[in-house]
Amino acid sequence: MSLQECLARRKDCSGEGRSLQLSVIKEICNSTFQAAPSNSLFVVLSDGDDYAGGIYKYNSDGLVQLSDKEKTKFTMELYPELFWKESIEYEDLIRVGITWQYLSLKVDSIGLGVSQRARAPKKYNKLVNNVTNQNYTFLYSVAVRERDRAALVEDTAEPLQKKVEEGTILLDIPACYKDRAIYENKYKGIQLDDVIFNRVDEKAPNHTNLHQISQLLWACQGENDHVTHGNRDALEKNGYGRVHASGCAGYAVYPIVFVEDLANIPKGSYNYNPVGYSALNRWIKVNGTIKYDHFIHQFSSEPSSAEIEKEFDTSFSNYAILLCIDRKKPCAGLIHKVMNLKYWAEVEAGMAIAGLQLQANALGLKWQKKILSDPDNPKYRKLFNLESAEQSINNIADNLVNRANNERVSLEGNLVPIALFHLLEG
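Using my numbering, the letters of the sequence shown map in sequence onto residues 1378 to 1803.
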């Protein structure tokens, strides 16, 4: 299955577990391990036909059992290596998110799904630490399960008639949705394993149109397949939502784009809106033409690119994508009462970065990311013009049609910059 098919079909699942062949377990582990090859994975298995259930460690030495005292009722559970510190570094949290997204996409490609639950698996964690004499910490609980969601459901309602407002740039249709290819099983993309294991031909980025940036932003934070009927809350309970997992479908990540020279759009700073105008239907009709409903909106005509390049000792001649988080809203509704919210927004940013770098690989593009070591430094508020970005995001959210009851597209806190991503010349 291709990367984009996996992104479009990715859904949180709550089905029962079933044992897999050991070769498939190793395949999942190996693909996930590529997200951070220098760090181990901890895997919890049930009994299988050709292996015993228990807790395993996976790294370059392969899969080694640590204990048979604890097993899972799911297909498998997986936790990236992370050492407990009073203040865990942002780069480590980002790595956890990237690893989880690699896992999610890989299991999706073989017809399974994942579910991420709010509480940390303390029993597993304690057992592993006792066996290894280390101080690992397992964040939340991540289980591989059988899929219990419909594979694909296409929008059927009449698209909203819309006039595009000044300062808003509609982005291109994600390739898998173009001409209904994914629904007719006609979409041919880069296979997921090729994207994970092989950096494809490194081409010079094409900035004369919006195709590449549209694909990147969608793979980073876009919406995947869902139906139009009913409220978004019900849709997401049935497994629809973003192309990456989220803290109870809360969506704490907000991409900002700094444009210097891209197609024919004005220079400036833009925020990405993956929900679109209607917030339910994935399509709108503009001047008689049906278009996929996601866009960027200008909040400043001054991108401050020179200052950003100097601050991060980098250079981007066309555009850069800054991922920000809202720590106060990593999940929605009553789940706030039971979910451990600490670190979730940072981990979700890692999932979004995984989408960016995998999509860039699929497009054959070289890329660079820089994780901010001190994202709460007040200087970034001014450097990235975050106050104006916040106002823009909330103004757009207030004017959406079919706005969900448990709103997830507006901010509750301030934007915190986490990572800068940009393409390199081939």
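Even glycine gets a Cβ: it sits at the ideal position worked out from N, Cα and C.
Query raised in the report: Would you say Glu1679 and Leu1760 are within 9 Å of each other, going by their C-beta atoms?
Result: Contact: no.
Query - Glu1767 burial status per 10 Å Cβ neighbour count (16 or more: buried) - result: So Glu1767 ends up on the buried side.
Query - One or two residues paired with Pro1457 in a DSSP bridge - result: For Pro1457, which the question treats as bridged, DSSP gives the partners Leu1418.
Report task. Report the residue from Ala1412, Leu1504, Asn1772 whose alpha carbon sits nearest the alpha carbon of Leu1470. Result -> Considering only alpha carbons, the answer is Ala1412.
Query - As assigned by DSSP and simplified to three states, the class of Ile1487 - result: Coil at Ile1487, not helix or strand.
Query raised in the report: For the segment 1658-1705, which segments carrying the alpha helix (DSSP H) assignment without a break, of at least 4 residues, lie completely within its bounds, in sequence order?
Result: Restricting attention to alpha helix (DSSP H) runs no shorter than 4 residues, the segment 1658-1705 encloses them at 1682-1689, ordered along the chain.
Query raised in the report: So what's Lys1503 in DSSP terms, helix, strand or just coil?
Result: If DSSP states are grouped into helix, strand and coil, Lys1503 belongs with the helices.
Query raised in the report: What number of angstroms, rounded off, separates the C-alpha of Asn1641 from the C-alpha of Glu1404?
Result: Taking the straight line joining both Cα atoms gives about 44 Å.
Query raised in the report: Gly1425: which of Gly1394, Ser1692, Leu1418 sits nearest, CA to CA?
Result: If we check each option's Cα against that of Gly1425, Gly1394 comes out closest.
Query - Inter-residue spacing [alpha-carbon to alpha-carbon] between Ala1552 and Lys1503 - result: Cα-Cα distance, rounded: 45 Å.
Query raised in the report: Can you name the start and end residues of the beta strand (DSSP E) that Val1630 belongs to?
Result: Unbroken beta strand (DSSP E) run through Val1630: 1630-1636.
Query raised in the report: Would you call Pro1755 buried or exposed, if buried means 16 or more other Cβ atoms sit within 10 Å of its Cβ?
Result: Of the residues assessed, Pro1755 falls on the exposed side of the cut-off, its CB having fewer than 16 other CB atoms within 10 angstroms.
Query raised in the report: Cβ atoms of Ile1661 and Pro1536: under 9 Å apart, would you say?
Result: Cβ atoms of Pro1536 and Ile1661: closer than 9 Å.
Query raised in the report: Does the beta-carbon distance from Leu1742 to Leu1800 come in below 9 Å?
Result: Pairing Leu1742 with Leu1800 gives a Cβ-Cβ distance under 9 Å.
**Report entry** Run of the beta strand (DSSP E) containing Arg1522, from where it starts to where it stops
**Finding:** Arg1522 -> beta strand (DSSP E) spans 1518-1523.
Query raised in the report: Between which two residues does the alpha helix (DSSP H) harbouring Phe1574 extend?
Result: First-last of the alpha helix (DSSP H) with Phe1574: 1569-1574.
Requested in this report: Go through its chain and collect everything with a Cβ distance to Tyr1669's Cβ below 7 Å, but skip five positions before and after it.
Outcome: Correct list, in chain order: Ile1550, Pro1551, Tyr1554, Arg1659, Trp1660.
Query raised in the report: For the segment 1426-1478, which segments carrying the beta strand (DSSP E) assignment without a break, of at least 3 residues, lie completely within its bounds, in sequence order?
Result: Every beta strand (DSSP E) of 3 residues or more that sits fully in the segment 1426-1478 is shown, in chain order, as 1431-1436, 1439-1444, 1453-1457.
**Report entry** Beta-carbon contacts of Gly1430 that lie in its chain and below 6 Å, excluding the five residues immediately before and after
**Finding:** Leu1422, Ser1423, Asp1424, Lys1448.
Query - Close Cβ partners of Tyr1649 (< 7 Å) along its chain, the five nearest in sequence each way excluded - result: Scanning its chain for C-beta atoms nearer than 7 Å, with the 5 sequence neighbours on each side dropped, one finds around Tyr1649 the residues Leu1594, Gln1598, Pro1632, Val1634, Ile1673, in chain order.
Query raised in the report: Roughly how many whole angstroms lie between the Cα atoms of Ile1402 and Pro1643?
Result: Using only the alpha carbons, I get a separation of about 49 Å.
Query raised in the report: If you drop the 5 nearest sequence neighbours on each side, which residues of the same chain put their C-beta closer than 8 Å to that of Asn1771?
Result: Cβ neighbours of Asn1771 beyond the five flanking positions: Ser1787, Leu1788.
**Report entry** 9 Å Cβ cutoff, Thr1585 in contact with chain C
**Finding:** In the structure shown, chain C cannot be found, because there is only a single protein chain.
Query raised in the report: Can you find at least 3 beta carbon pairs, one from the segment 1480-1493 and one from the segment 1516-1535, that sit closer than 8 Å?
Result: Remark: three or more beta-carbon pairs, one from each stretch, lie closer than 8 Å, so the segment 1480-1493 and the segment 1516-1535 are flagged as touching.
Report task. Locate the beta strand (DSSP E) running through Tyr1647, then write down its first and last residues. Result -> Run containing Tyr1647: 1645-1650, per the beta strand (DSSP E) assignment.
Query raised in the report: By how many angstroms is the C-alpha of Asp1753 removed from the C-alpha of Ser1464?
Result: Their Cα atoms are separated by approximately 14 Å.
Query - Contact belief for Tyr1433 with Gln1442 at Cβ below 8 Å, rounded distance in angstroms - result: Indeed, because the Cβ distance is near 5 Å, the residues count as touching under 8 Å.
Report task. Run the CB neighbour count on Asp1496, radius 10 Å, all protein chains shown included, and call it buried at 16 or more, exposed below. Result -> The sequence as given places Arg at residue 1496; Asp does not occur at that position. Answer is exposed; the Cβ neighbour count stays below 16.
Report task. Classify Val1778 as buried or exposed, calling it buried when 16 or more other Cβ atoms lie within 10 Å of its own Cβ. Result -> Val1778 counts as exposed, since fewer than 16 other C-beta atoms from the protein chains shown sit within 10 angstroms of its C-beta.
**Report entry** Pairwise C-alpha distance: Glu1531 and Glu1561
**Finding:** About 11 Å.
Query raised in the report: Would a C-beta distance cut-off of 9 Å place His1584 and Leu1639 closer than the cut-off?
Result: Their beta carbons are under 9 Å apart, which means His1584 touches Leu1639 by this criterion.
Query raised in the report: Looking only at its own chain, which residues have a Cβ that is under 7 Å from the Cβ of Ser1623, when we skip the five neighbours before and after it?
Result: Same-chain partners within the cutoff: Glu1725.
**Report entry** Under 9 Å between C-beta atoms of Thr1509 and Leu1455
**Finding:** No, they are not a contact pair.
**Report entry** Where Thr1585 sits in the DSSP three-state scheme
**Finding:** DSSP places Thr1585 outside both helix and strand once states are collapsed to three, so it counts as coil.
Requested in this report: Could you spell out the range, first to last residue, of the beta strand (DSSP E) harbouring Thr1545?
Outcome: Looking at the DSSP string, the run of the beta strand (DSSP E) that includes Thr1545 is 1545-1547.
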